[in-house]
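A short write-up of the structure that comes next.
Residue numbers (our numbering): 3 to 248.
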């Protein structure tokens, strides 16, 4: 059953958590996904079985939280994540970031490293608004975006198109992580499927090359897609969290 946090910015953020020992685990979902997804729900059960504190939540405009998705931006969702971690967790946390959540996790690690015990990313998509959407737009789409403030893209996961806004693109440029030093002074485990059609495997390799830290590892899983939700993939996520906690 979801609970709700009223943030200082006036957003109503839906969350589910279970108490347990620390460091706790915080799941950060992807673009237009919510906390009822396979990975988030499975990891919550996994944490409960081990008496490990766990938190999952919906960014504003996602799932049961307040707000309109199309009005949101990376900065907004980063703010939501920062607010729930400050309000609902104690001490350093292991951040588990899926797709866009991987970008959010990296931004949190940069902004509040003292609250991060470790990082597990799953098909991390840092800077995807720029190196994914903007770089992939043709001239007509870029013109439409700048003139109309939005462009619609087909979605592989829904009948509804993705609406990409000018605000999302421009705000994303204010939160890039691949264009400046990225120090990760804690254990980091990056997971990436080779059959991922949304986040290319070479993004994971570039992130590995770009980040600096004493304990950073990348695991490529042959044939795994962007969902990364097969039983084998879920077990690998859990093993990676255990590795970070150890």
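Using N, Cα and C, we set each Cβ at its ideal position, and we do this for glycine too.
In the three-state reduction of the DSSP assignment, residue 51 falls in the helix class. Taking one beta carbon from each stretch, the stretch 86-96 and the stretch 196-215 have fewer than 3 pairs nearer than 8 Å; the two do not touch. Within the stretch 167-227, the complete beta strand (DSSP E) runs of at least 3 residues fall at 190-195 and 218-223. Residues 55, 91 and 95 of the same chain have their beta carbon placed closer than 6 Å to that of residue 26, with the five preceding and five following residues left out of the count. Annotated three-state conformation of residue 146 is helix, per DSSP.
By a beta-carbon distance limit of 8 Å, residue 197 contacts residue 226. Their separation comes to about 6 Å.
Taking all protein chains shown into account, residue 155 has fewer than 16 neighbouring C-beta atoms within 10 Å of its C-beta and is therefore exposed. Bridge pairing for residue 7: 15 [DSSP]. According to the DSSP assignment, residue 229 belongs to no beta strand (DSSP E), since it is labelled neither H nor E. The stretch 116-142 is shown to contain whole beta strand (DSSP E) runs of 3 or more residues at 118-124, in chain order. In the three-state reduction of the DSSP assignment, residue 33 falls in the coil class.
Pairing residue 60 with residue 89 gives a Cβ-Cβ distance that is not under 8 Å. Per the C-alpha coordinates, the member of 5, 160, 122 and 203 positioned closest to residue 244 is 122. Excluding the 5 residues flanking it on each side, residue 40 has same chain C-beta neighbours closer than 6 Å at 231, in chain order.
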